[in-house]
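Enquirer: Sequence positions in the sequence shown follow this note's numbering and run 2 to 82.
Every residue, glycine too, gets a C-beta built ideally from N, C-alpha and C.
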Amino acid sequence: YINEEEFNKASISLNISQLYELAEETTESIGLHSPDFNIIHSDNYYILSIKILEHLVILLTEDQVDVKDVFNTINNSVAPP
2 YINEEEFNKA
12 SISLNISQLY
22 ELAEETTESI
32 GLHSPDFNII
42 HSDNYYILSI
52 KILEHLVILL
62 TEDQVDVKDV
72 FNTINNSVAP
82 P
């Protein structure tokens, strides 16, 4: 259950974006390749961060989301119609 009044999607997206950038810097500093894909799962949502073609796509989705919708969103973000 997500209480929309208490659930700040913009704040979560910003924090995940900053976490992604920190992970990228950390892995590069120790000689590993940058992460291209990350999934965080809770009881009622997923946060996916994906780096594709110099784009960083961050999705906050409900649990049991249709995977087709996820890929459509990613494709539209990277190459808008």
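Would you say L57 and L49 are within 7 Å of each other, going by their C-beta atoms?
Expert: Here residue 57 is taken as the residue at index 56 of the sequence shown, counted from 1. Here residue 49 is taken as the residue at index 48 of the sequence shown, counted from 1. Against a cut-off of 7 Å, the Cβ pair of L49 and L57 comes out as no contact.
Enquirer: Going by the DSSP bridge assignment, what does T62 pair with across the sheet?
Expert: On the sequence shown, position 61 is the one that residue 62 refers to. DSSP, once it has assigned bridges, lists Y47 as partnering T62.
Enquirer: So for L16, helix, strand or coil by DSSP?
Expert: As a working mapping, residue 16 is identified with position 15 in the sequence shown. In the sequence under discussion, the amino acid at residue 16 is Asn, which differs from the Leu named in the question. Three-state result, N16: helix.
Enquirer: For F38, tell me which candidate among E63, N45, I17 and D64 has the shortest Cα-Cα distance.
Expert: Taking the sequence shown and counting its residues from 1, one reaches residue 38 at position 37. Answer by Cα proximity: I17.
Enquirer: So, under 8 Å CB-CB, Y47 and I53 are touching, yes? Tell me the CB distance rounded to an integer number of Å.
Expert: Mapped onto the sequence shown, residue 47 falls at position 46. Mapped onto the sequence shown, residue 53 falls at position 52. Their Cβ separation, rounded to whole angstroms, is 17 Å, which puts Y47 and I53 out of contact at 8 Å.
Enquirer: Would you identify the three-state DSSP class for L54, choosing helix, strand or coil?
Expert: The residue given as residue 54 occupies position 53 in the sequence shown. Coil, per DSSP.
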